[in-house]
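Chemist:
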Amino acid sequence: MIPNYKNIHNRFKINGFHLDKEALFQLAYSFIKEGEIFEKEIGSFLLDWLDDSETIQLMTSGTTGEPKLITLEKQAMVHSAIATANFFDLHPGNKALLCLPTRYIAGKMMLVRAFTIGLELDIMPSSSHLDNLLPQNVYDFVALVPMQAQQSLSKLNQFKKIIIGGAPVSTVLSEALQNIKGESYETYGMTETITHIAARKIDEPTFKVLPNITIATDDRNCLIISAPDISSTPIVTNDIVEISNKNEFKWLGRFDNVINSAGVKLFPEQIAAKLASGISQRFFIAGVSDETLGQKVVLVIEGEEYTIDRALFKNLDKYEQPKEIHFVPNFYMTETNKINIKKTLSKIGL
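Each residue of the sequence shown is one higher than the one before, starting from 4 at the first, in the numbering used here.
#1: Using a threshold of 8 Å, state whether the C-beta atoms of Ile-328 and Leu-302 are closer than that.
#2: Quick one, are the C-beta atoms of Leu-255 and Gln-284 less than 8 Å apart?
#3: Using DSSP with H/G/I as helix, E/B as strand and the rest coil, what is Thr-58?
#4: Which residue marks the beginning of the beta strand (DSSP E) containing Ser-129, and which one marks its end?
#5: Span of the alpha helix (DSSP H) holding Gly-363?
#6: Can you give the Cα-Cα distance for Lys-253 and Val-244, rounded to whole angstroms?
#7: Between His-21 and Phe-118, which are expected to be in contact by the criterion C-beta below 8 Å, what is the C-beta distance as a whole number of angstroms?
#8: Could you check the C-alpha separation between Arg-116 and Asn-18 for me, to the nearest Å?
#9: Would you report the Cα separation of Phe-34 and Glu-44, rounded to the nearest angstrom?
#10: Check whether the region 214-228 touches the region 128-138, counting contact only when three or more Cβ pairs, one atom from each stretch, lie closer than 8 Å.
#11: Please identify the residue among Lys-163, Lys-158, Thr-194 and Ala-152 whose C-alpha is closest to the C-alpha of Thr-370.
#12: Between Lys-163, Phe-48, Glu-42 and Gln-78, which lies nearest to Ile-126 when the distance is taken from Cα to Cα?
#13: Kindly confirm or deny that the region 104-115 and the region 46-62 touch, where touching means at least three C-beta pairs closer than 8 Å.
#14: Measuring CB to CB, does Lys-71 end up less than 8 Å from Ile-59?
#15: Determine the extent of the beta strand (DSSP E) in which Asn-241 is found, giving its start and end residues.
#16: Among all the DSSP beta bridges, which residues are the ones paired with Tyr-191?
#17: So, is Thr-236 buried or exposed, given that buried needs 16 or more other C-beta atoms within 10 angstroms?
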């Protein structure tokens, strides 16, 4: 029988304490009144979850456009939690860590998974570095963003299963994760799909969809997601994919990021992957207007200017070669700690 969002699993714990619905109410009020900032955010979500409404309103992250307010059904969030449990083989009593901000869907869903599945959840402030804050425990499950994983590699052996989402996993990070003892996955999803609807093992090329998800593409080759337990209508994305079979796809890049240079369509995400091992700083690839080519490829690197060895570009095709290289002292970032490409390009007059 599918759990109801009104029920709290009897194996659920926070920081080692069993909490039923009444105790969860009390914890929420305590966090809001006396807690640290991250605890206040958790408390606010708990009160939203425990109220009489069947839905929750939340803001999208604004990664691919302006942040917007959307409404999600609580029962759909439970269905998402169950799909995650089935896909990653999570069970009541498994230990999990919440180290993401709960003002966004990824952090909220760690709590919902814990309520629904009966996880023993430890909570900590969100930080790009886990080193100084992470409890000395072994965990069955954790969700991270790429920056957290990259900057906390020495601590990742504490986790048996690691899911990484919110932004693409770089080639450099992917290679590093293959030396970790536990299983690492890159996830695919968005707020509208209630976090991930697919995941790929870090050493595999394709994403596999979670239970009860079907996929197709539109005339742009962008992914269409049918997830009846989560959304009553198909979700049309701007992600260009290559479908391998009914359950697997390869992500190629964002439709709105595609660079059309002299009639050749280029994916900045794929160009960046080819360069990742040769650039130690943060960087991105973008297309800007060009009178001759229509659009030209530019490389933007964060930090002080230095001389680029042209051997860095040996694996790039002719049109993938950057026509300009720019250095920026600091990138503009979104609230979810992703590079704000549009604003950063504007900063340098592109």
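Backbone N, C-alpha and C define an ideal beta-carbon position, used for all residues, glycine too.
Modeler: Looking at the atomic coordinates:
#1: yes
#2: no
#3: strand
#4: Neither: Ser-129 is in no beta strand (DSSP E) and is coded neither H nor E.
#5: As displayed, the chain neither begins before 4 nor continues past 353, which places residue 363 out of reach and without an answer.
#6: 5 Å
#7: Between Phe-118 and His-21 the Cβ distance is about 12 Å, and since that is not below 8 Å, they are no contact.
#8: 15 Å
#9: 8 Å
#10: no
#11: Past the boundaries of the shown model lies residue 370; the chain is included only from 4 to 353, so the question cannot be answered.
#12: Glu-42
#13: yes
#14: no
#15: 238-248
#16: Ala-201
#17: exposed
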